[in-house]
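Residue numbers for the sequence shown follow the numbering used here, beginning at 1 and rising by one. Here the structure is laid out as structure tokens; the discussion comes afterwards.
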Amino acid sequence: METMEQTGNVMTSEPGLAELRGDCARMAPHWVVPTEAGPAPVPPSRIHGVSVPPDSVRLIATMSEYGD
């Protein structure tokens with residue numbers, strides 16, 4: 001995006017909303033929308049726990065409560 005100063009000099013700046021919306025509109029045809037719905041949710045009775053590798057457990061155990 002280019003903007004004009006009162007003196008006539010051309011300055012480049014961050015893209016504006018109009019330019020961003022135009023870019024998104026041009027990208028839209030490239031985005032593929034799945035024709036079928038995603039998988040159905042799994043009922044809780046089929047969930048039997050989560051397996052976490054020991055290295056991951058040690059990594060999380062050494063982190064502070066609010067992340068590092």
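Don't be surprised by glycine CBs; every beta carbon is placed ideally from N, CA and C.
Annotation: the continuous alpha helix (DSSP H) that includes serine 56 extends over 54-61. Cα atoms of arginine 58 and arginine 26: separation of roughly 46 Å, rounded to the nearest angstrom.
In this structure, aspartate 23 keeps its C-beta atom at 9 Å or more from the C-beta atom of proline 34. Under the three-state reduction of DSSP, proline 34 is assigned to coil, being neither helix nor strand. Collapsing the DSSP output to three states places proline 39 in coil.
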